[in-house]
Amino acid sequence: MAEEDVPPGLGRLWRLPTAAPTGRPAELGVERIVDAAVRLADREGLGAVTLARVAKELGYTAMSLYRHVGSKDELFVLMGDAAQGPPPDVPGGSTDWREGVRRWAAALAELAARRPWLAELPVQGPPSGPNAVAWLDAGLRTLRDTGLDWGQKVGIVLVVSSYVRQAGSMARQMEEGRRASGRDQAQVERDYGRALARLVDPGRFPDAAALFASGVFEAPPEPLEGGPPVDHDFVFGLELILDGVAATIAAAQARSAPAGPSPVQAPGARVTNVPGQHIQAPP
109 MAEEDVPPGL
119 GRLWRLPTAA
129 PTGRPAELGV
139 ERIVDAAVRL
149 ADREGLGAVT
159 LARVAKELGY
169 TAMSLYRHVG
179 SKDELFVLMG
189 DAAQGPPPDV
199 PGGSTDWREG
209 VRRWAAALAE
219 LAARRPWLAE
229 LPVQGPPSGP
239 NAVAWLDAGL
249 RTLRDTGLDW
259 GQKVGIVLVV
269 SSYVRQAGSM
279 ARQMEEGRRA
289 SGRDQAQVER
299 DYGRALARLV
309 DPGRFPDAAA
319 LFASGVFEAP
329 PEPLEGGPPV
339 DHDFVFGLEL
349 ILDGVAATIA
359 AAQARSAPAG
369 PSPVQAPGAR
379 VTNVPGQHIQ
389 APP
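Last residue of the sequence shown: number 391 in the working numbering, and the count goes up by one each step with no gaps.
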């Protein structure tokens, strides 16, 4: 495909060279605009980012930015790709796929915690920018030798990335609620468990009542031995997903395994492996 066949927005995402129109300020370009927008989002959140505000940050008019960025939606796409940065170096090939996916997911979670506004960006399509494609490539690399087809690999990458995105968004919102209440995580869980234990009727909600009466919310989970504090709920959910991936890999490998020799048929035995038929073996 020639460069002229690439849509303008995609060309800007990949920083393809373009002819400068007359009157364009030579010192202003996509890179400066996106960098300023990302810094603004880091500082004040995504809600502060408008073309007019970014233009003000750079000392230009909003119309000057429209010569480089087609719309606010396009600016968001450019920001999202730039803010992701390159992915981590995850193992591929014959190494442990499970550990590779864990490292890839952990890097996504770290990015989501560092730049929470990324989760607020509208999802406008599949990965298209250079950094987004690099993250996709890294995720696929962890599954290279699993025997899965491309559809399965892409599906796994999508499920894991969606889980990380949603878990990060939920954790951020709950943290905002804790800060507003002035309580830490242990206090929030303890107060929640005690209040619901008093409110929930065992006759109406027997299993929920048993949960709240169990005391599970009285103490936070123990930290993992030899490791830093972790989000146990996040780890538990990720391991459930990986267990499902392991089952999918096992099924794919079983289907691709060579068939063993057919058993010897006893004289007069029926051959029943033909669907819908019973064939009498010759004497």
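For glycine and all other residues, C-beta sits at the position ideal for the given N, C-alpha and C.
It is roughly 7 Å from the alpha-carbon of LEU244 to the alpha-carbon of VAL265. Counting C-beta pairs with one atom in each stretch, the segment 277-288 and the segment 234-254 have fewer than three that are closer than 8 Å, which means they do not touch. Note on LEU148: 16 or more other CB atoms within 10 angstroms of its CB, so buried under the neighbour-count rule.
Residues of the same chain with a CB within less than 6 Å of the CB of PRO199, apart from the 5 flanking positions on each side, are GLY208 in chain order. Just measuring C-alpha positions, the residue of THR254, PRO314, VAL272 and PHE342 sitting nearest ALA358 is THR254. Of the other Cβ atoms in all chains shown, fewer than 16 fall within 10 Å of the Cβ of ALA288; this residue is therefore exposed. Cβ contact annotation for LEU229 (same chain, cutoff 6 Å, sequence separation greater than five): PHE184 and GLY188, in chain order. Excluding five sequence positions before and after PRO310, the CB atoms of its chain that fall closer than 7 Å to its own CB belong to ALA317, given in chain order.
Fully contained in the segment 280-354 are the following alpha helix (DSSP H) runs of length 4 or more, in chain order: 293-307 and 314-321. LEU173 has its alpha-carbon roughly 36 Å from the corresponding atom of LEU248. Remark: C-beta atoms of THR158 and TRP212 do not approach each other more closely than 7 Å. Restricting attention to ALA170, LEU186 and LYS180, the CA atom closest to the CA of LEU118 is found in LEU186. Between ALA190 and VAL146, the CB-CB gap stays under 7 Å. Burial of PHE320 is indicated by the presence of at least 16 other C-beta atoms within 10 angstroms of its C-beta. DSSP places ARG211 in the helix class (H, G or I) of the three-state scheme.
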